[in-house]
Each structure stands twice: as C-alpha cells, then as structure tokens.
Amino acid sequence: MSVVAITNHKGGVGKTTLTYSLAYEYALGGYSVLLVDLDPSGNLTIAMDQDPYEEGEVNLANIISEGESFDPGLIKRSVTKGFATFDILPSNDELYRVESMGNGIQSLFSLKDYLNETGLRTSYDFIFIDTPPNLGILTNIALVTSDYFLVPVSPGKYALKGLDRMFKVATMVKKRINKNLEFLGIVINNFRKHEQPSRALEKSVIDLYGDAYITPPIRRTVDVQKSEIISEPIQLAFPNSLAVRDLKRLSQGVLKRVKKQKA
Ligand SMILES: Nc1ncnc2c1ncn2[C@@H]1O[C@H](COP(=O)(O)OP(=O)(O)O)[C@@H](O)[C@H]1O
Ligand SMILES: [Mg+2]
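To convert a position in the sequence shown, counted from 1, into this note's numbering, add 1163.
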C-alpha cells in the first residue's frame, strides 16, 4: 500500500489530470485505488462526475477541521468508469474554510489519522492525493499523510521557478513530521517534442533532477481536454490517443519506483 501526493503549487500543470489517469490505469490493472481530492475547487471530484457534498453532509472538511472519525461509508464514493472501479473522498468548497484556518497541529495530522484509524490506509494498494495550487495547509496535510510525492511540471518560462520552495516544505515535513516521505519523481506534462519550450524544460529537468525524471513525458493533446469535458478518463474516451500511450508507460515507471523504494 502506498500513499502518493501529487504536488506542485503552480496551477494548470496537470496534477488533477495525472491523478485521475494514473488512478484509472492502476484500477484497470487490478489494483485497489482510493483518491482524495484535497483541492477545494473540486476539479477531480467533478472530473469523476461526483456531486460535491450537500450542506449538512459530513465531509473531508469535517475530518480535517474537527478531527472527527466518521464512518468512511458516509464520505467515500465508489466510481465505475469503463472496466475500472475506484473510490474517492470528494472535495467541496467547505475545504476553503479549512484553508483559511492556518497550520494547526491537529489539522496537519487529521487525514493521516483518519486513514489509519478507519483502516482505509491498509485497504488500498494505492491512495492518490490531489492537491491545490498553493503551499497552504491542505498541501501540508497531503505531505504529512503520504509516503511519496510526485511533481508534474508543464513547459513555460516559469516551469521550474519556485519549485525549490515546494521541495523545502517537503524536506521540512520529512525532517520534522513524516520521515517516511520520499520524492517519487518529476513528470513533464503538456509535452511537444518539436517545440522549444518543451525541449528546454526537458533539458533543465534532466540537468536539475537527473534520475528523478520519470519518462516518458506526457504529450499535449486536445484529447485530454475532450475527455475532461465528458468526465471520462482519457484511456476510456480516446484509447488510441498518444497521451494514453505515454500515460501507460508513465504508470509503469511510477510503479517500478514505488516497488524499488519499498524493497
Ligand atoms: N497532456 C495534456 N494535453 C492537453 N491538455 C492538458 C494536458 N494535461 C492537462 N491538460 C489540461 O490542462 C488543464 C489543467 O490541467 P489540470 O490537471 O487541471 O492541472 P492542475 O490540477 O495542476 O491545476 C485542464 O483543462 C486539462 O484538461
Ligand atoms: Mg487540479
């Protein structure tokens, strides 16, 4: 069982897309998968066709802000897409309230405690945590809860700028709070081989991160957006898409690293 946070405090790099596609890939491969949507905007929840919580329903925000150990049956949803079924703890905008609370020690451990106390942590092969585009409390909670963090980046002038801040936060979390946390690697998304910004980014990633660069990069294709609009994983909507080929290889690369780090 592995808990993987997908983090980069820059928005629009593909955190949610990769979380969803990797989860689907592993679910298809017979692994049991739980997703946790820690982004108050709920993009992953919506991508999976789930309604955000109704007012009054218990949800992730209650768990994080009040440390309550509600029955997961009240919170978890099971989603079937094509031939794969996986579970999600959905987000809703009450998480914005949590974001504004600050870094209380109780909330930092809330999700980790919840997954442990309810037995969720050991009931899945993979738990993926999607995070919001900032380094606030929710991203911290994800790092405190996880065994690994995976960082997607996307071509552009400032693609790697500011990432050192995220690594500093992760290093601090590992040193002080969660010694199990490991950097799983960096993934390039929205890749276009013939475009200079993509090539420049790949060169920088190789120079700066070396072996931590998980190949192949995921190509940019409109199929990703089209599948997002119809709330289907791209593997299901466009099985022949070039991005699907990349994602399948990426999922194998990620799996290999998880197994290697565990060995
Ligand atoms: N490989 C790709 N090709 C084309 N569009 C992509 C690709 N990856 C992500 N996108 C699109 O870019 C947007 C931002 O991606 P998203 O996963 O939501 O980023 P984040 O979660 O980091 O904010 C989405 O509309 C998504 O459909
Ligand atoms: Mg997102």
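For every residue, glycine included, the Cβ atom is placed at its ideal position computed from N, Cα and C.
Other residues of its chain near residue i: CB distance less than 7 Å, five sequence neighbours each side excluded
i     : result
S1414 : L1185, E1188, Y1189
Q1424 : E1345
A1406 : I1381, R1382, T1384, D1386, V1387, I1397
E1365 : I1351, P1380
G1129 : The chain is shown only over 1164 to 1426; residue 1129 falls outside these bounds and no answer can be derived.
D1327 : none
S1165 : F1289, D1310, Y1311, V1421
S1367 : L1323
Residue range of the alpha helix (DSSP H) that includes residue i
i     : result
R1328 : 1326-1339
S1414 : 1405-1425
A1400 : 1397-1400
Y1321 : Y1321 -> no alpha helix (DSSP H), and no H or E assigned at all.
G1384 : Residue 1384 is actually Thr in this sequence, not Gly. Premise fails: T1384 is in no alpha helix (DSSP H) and is neither H nor E.
Range covered by the beta strand (DSSP E) that runs through residue i
i     : result
F1346 : 1345-1351
T1243 : 1240-1244
V1176 : That residue, V1176, is in no beta strand (DSSP E); it is neither H nor E in DSSP.
P1295 : Run containing P1295: none; DSSP gives neither H nor E here.
S1165 : 1165-1169
A1224 : Taken as a continuous stretch (DSSP letters only), A1224 belongs to no beta strand (DSSP E), being part of the alpha helix (DSSP H) at 1223-1229.
A1363 : No beta strand (DSSP E) contains A1363, which is instead part of the alpha helix (DSSP H) from 1359-1372.
A1247 : 1247-1252
D1200 : 1196-1200
Residues near residue i by beta carbon distance below 6 Å, same chain, minus five either side
i     : result
L1258 : P1203, A1224
A1305 : A1168, L1201, I1292, T1294
L1197 : D1250, Y1287, I1290
R1284 : L1278
S1228 : V1261
N1297 : H1172
I1430 : Since the first residue shown for the chain is 1164 and the last is 1426, residue 1430 is missing from the structure and cannot be characterised.
Nearest-angstrom Cβ-Cβ length linking residue i and residue j, presumed shorter than 8 Å
i     : j     : result
L1278 : I1290 : 7 Å
T1281 : S1232 : 6 Å
T1179 : N1222 : About 19 Å; that fails the 8 Å criterion.
L1313 : G1348 : 6 Å
Neighbourhood of residue i by C-beta distance below 8 Å, restricted to the same chain and skipping five residues each side
i     : result
A1400 : D1386, K1389, S1390, I1393
D1234 : T1281
T1248 : A1190, S1241, V1242
E1220 : L1237
Distance cut-off 7 Å: residue i Cβ against heavy atoms of ligand 4
i     : result
A1333 : For ligand 4, the structure offers nothing, since it holds only ligand 1 and ligand 2.
Touch check for the stretch 1252-1267 and the stretch 1314-1328: three-plus C-beta pairs under 8 Å? no
Contact set, ligand 2 heavy atom to C-beta under 5 Å: K1178, T1179, N1206
Can you confirm whether the stretch 1399-1413 touches the stretch 1371-1386 when touching is taken to mean that 3 or more C-beta pairs between the two stretches lie within less than 8 Å? yes
Is the stretch 1171-1179 touching the stretch 1308-1317 in the sense that three or more CB pairs, one from each, lie closer than 8 Å? yes
Indicate whether the contact test is met: 3 or more Cβ pairs, each with one atom in the stretch 1324-1343 and one in the stretch 1354-1369, closer than 8 Å. no
Could you check whether the stretch 1296-1310 touches the stretch 1337-1349, counting it as contact only if at least three pairs of C-beta atoms, one from each stretch, sit closer than 8 Å? yes
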